[in-house]
């Protein structure tokens with residue numbers, strides 16, 4: 001996509017964004033943020049006017065080849081209405097709902113090289129990063145005096161982007177990693193760690209770069225991996241006999257005449273349905289899979305115009321990011337709707353619920369807040385970090401715009417622009 005077209009689309013998005021978001025903050029960072037993650041904990045505070053607001057924290061890692069990279073813990077103030085236990089104390093509308101829209105740096109850690117990936121372990125206040133050298137670095141959130149990492153995990157010989165803690169509390173010390181050396185490593189990070197840590201198990205079942213891994217959120221011994229070799233694999237750490245499921249050419253479309261075997265870039269298990277997971281490929285599509293029938297995808301989601309590089313489930317939604325500078329949100333309640341809505345263009349997927357067009361570069365990382373209502377953060381190569389909340393997930397864009405038209409709030413030309421930006425019209 002040409003730079004001119006990208007900039008034109010961004011202008012349309014910016015003009016129409018007040019209609020699409022309940023909250024939207026955009027921050028220009030000194031160094032491009034390559035990885036970003038919310039911390040689960042947050043504070044409810046009172047402003048100088050005695051109005052409540054929430055202070056949420058996140059970690060972000062930078063991407064620079066010639067400057068000192070670092071990880072920052074930053075705080076952002078958001079409305080109290082996002083809290084799950086929010087109860088309004090009166091019917092008056094706050095005059096100063098937010099204390100500040102600024103991104104405030106709480107703490108910094110120096111980082112050797114680019115921060116390819118960052119993952120937080122909320123159970124033991126640790127976080128890890130994948131570097132562009134292959135090393136994995138372990139940091140301690142509790143140690144306020146430490147300005148850099150406390151341990152180095154040594155195994156991978158090339159850089160990697162796949163990194164995930166086991167989500168089950170009794171296995172909280174287990175960490176998975178993968179890298180461009182075509183290998184997967186399993187680590188045991190206990191309370192007393194040494195300066196240098198070695199993996200307890202390694203896997204070499206892929207024939208090319210391993211791009212991503214994901215733990216099953218219910219079965220603590222199962223994980224998935226995806227690779228440039230066009231396959232996805234399911235592994236059980238209790239077995240040393242290789243993958244228990246190995247599906248080659250997983251993103252090949254049987255209805256297409258194209259015989260290209262596309263790399264698979266991302267994988268994510270669903271939080272609540274143990275057999276459900278998604279993969280994102282360089283064919284620009286997302287495949288939804290069920291382990292009970294692992295050879296044929298349940299559904300193919302079409303909407304991105306570039307390789308899909310990030311996936312994140314949240315309740316009944318799936319969020320995806322891409323090289324095409326867009327972040328899409330899919331409504332999984334509509335998976336059985338195979339045919340597009342007749343009111344929309346033929347290629348509009350009925351599962352597509354929202355499109356965030358606030359970036360002009362590759363969207364490097366995405367994250368839902370684990371507690372606050374539909375609060376999302378995205379980081380991109382354009383140097384922007386954006387915190388946002390969609391106005392109406394699952395709500396038809398046309399219906400929202402029609403209401404604005406009735407109120408006289410938007411003209412016909414703006415309606416066309418909104419439709420264009422949200423893939424309603426080509």
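Numbering (UniProt numbering), first residue to last: 1 to 426. Ideal Cβ positions, reconstructed from N, Cα and C, are used throughout, including at glycine.
Which value, in whole angstroms, describes the spacing of the CA atoms of residue i and residue j?
i, j, result
"residue 156", "residue 361", "28 Å"
"residue 363", "residue 321", "6 Å"
"residue 142", "residue 125", "6 Å"
"residue 13", "residue 77", "24 Å"
"residue 73", "residue 328", "26 Å"
"residue 265", "residue 86", "38 Å"
"residue 214", "residue 11", "36 Å"
"residue 397", "residue 32", "Bear in mind that a pLDDT of 46 at residue 397, under 50, signals an unreliable position, so the model cannot answer this."
"residue 331", "residue 69", "37 Å"
"residue 469", "residue 59", "With the chain covering only 1 through 426, there is no way to say anything about residue 469."
"residue 267", "residue 212", "6 Å"
"residue 237", "residue 308", "27 Å"
"residue 81", "residue 196", "44 Å"
"residue 206", "residue 182", "6 Å"
"residue 103", "residue 375", "15 Å"
"residue 389", "residue 47", "22 Å"
"residue 24", "residue 168", "33 Å"
"residue 2", "residue 381", "16 Å"
"residue 8", "residue 121", "40 Å"
"residue 302", "residue 353", "12 Å"
"residue 193", "residue 128", "13 Å"
"residue 63", "residue 34", "6 Å"
"residue 294", "residue 45", "48 Å"
"residue 51", "residue 274", "42 Å"
By a C-beta neighbour count over all protein chains shown, 10 Å radius and 16 as the cutoff for buried, is residue i buried or exposed?
i, result
"residue 446", "Absent from the structure is residue 446, since the part of the chain shown begins at 1 and ends at 426."
"residue 233", "buried"
"residue 16", "buried"
"residue 43", "exposed"
"residue 242", "exposed"
"residue 170", "exposed"
"residue 153", "buried"
"residue 272", "exposed"
"residue 5", "exposed"
"residue 270", "buried"
"residue 88", "exposed"
"residue 145", "exposed"
"residue 132", "buried"
"residue 116", "buried"
"residue 257", "exposed"
"residue 210", "buried"
"residue 227", "buried"
"residue 244", "exposed"
"residue 323", "buried"
What residue from the options has the CA that sits closest to residue i's CA?
i, options, result
"residue 27", "314, 390, 385", "385"
"residue 263", "137, 145, 284, 229", "229"
"residue 225", "174, 279, 253", "279"
"residue 298", "53, 52, 334, 161", "334"
"residue 359", "325, 375, 374", "325"
"residue 250", "261, 314, 390, 116", "261"
"residue 313", "256, 349, 231, 216", "216"
"residue 57", "383, 381, 391, 377", "377"
"residue 484", "252, 348, 165", "Residue 484 lies beyond the residue range present for the chain, which begins at 1 and ends at 426; the question has no answer from this structure."
"residue 147", "107, 35, 84, 123", "107"
"residue 176", "195, 158, 20, 201", "201"
"residue 259", "283, 239, 37", "283"
"residue 255", "227, 219, 218, 296", "296"
"residue 113", "105, 120, 149, 65", "65"
"residue 178", "30, 163, 248", "163"
"residue 151", "138, 160, 22", "138"
"residue 174", "220, 130, 160, 180", "220"
"residue 355", "294, 129, 235, 393", "393"
"residue 287", "158, 300, 235, 45", "300"
"residue 118", "160, 105, 316", "160"
Give a yes or no on whether 8 Å exceeds the smallest Cβ distance from residue i to chain C.
i, result
"residue 278", "Absent here is chain C; the protein component of the structure consists of one chain."
Mind reading off the beta-carbon distance from residue i to residue j? Whole number of angstroms is fine, and I expect it under 8 Å.
i, j, result
"residue 434", "residue 231", "What the structure shows of the chain is the stretch from 1 to 426, and residue 434 is not part of that stretch, so it cannot be assessed."
"residue 367", "residue 36", "6 Å"
"residue 111", "residue 71", "5 Å"
"residue 29", "residue 383", "5 Å"
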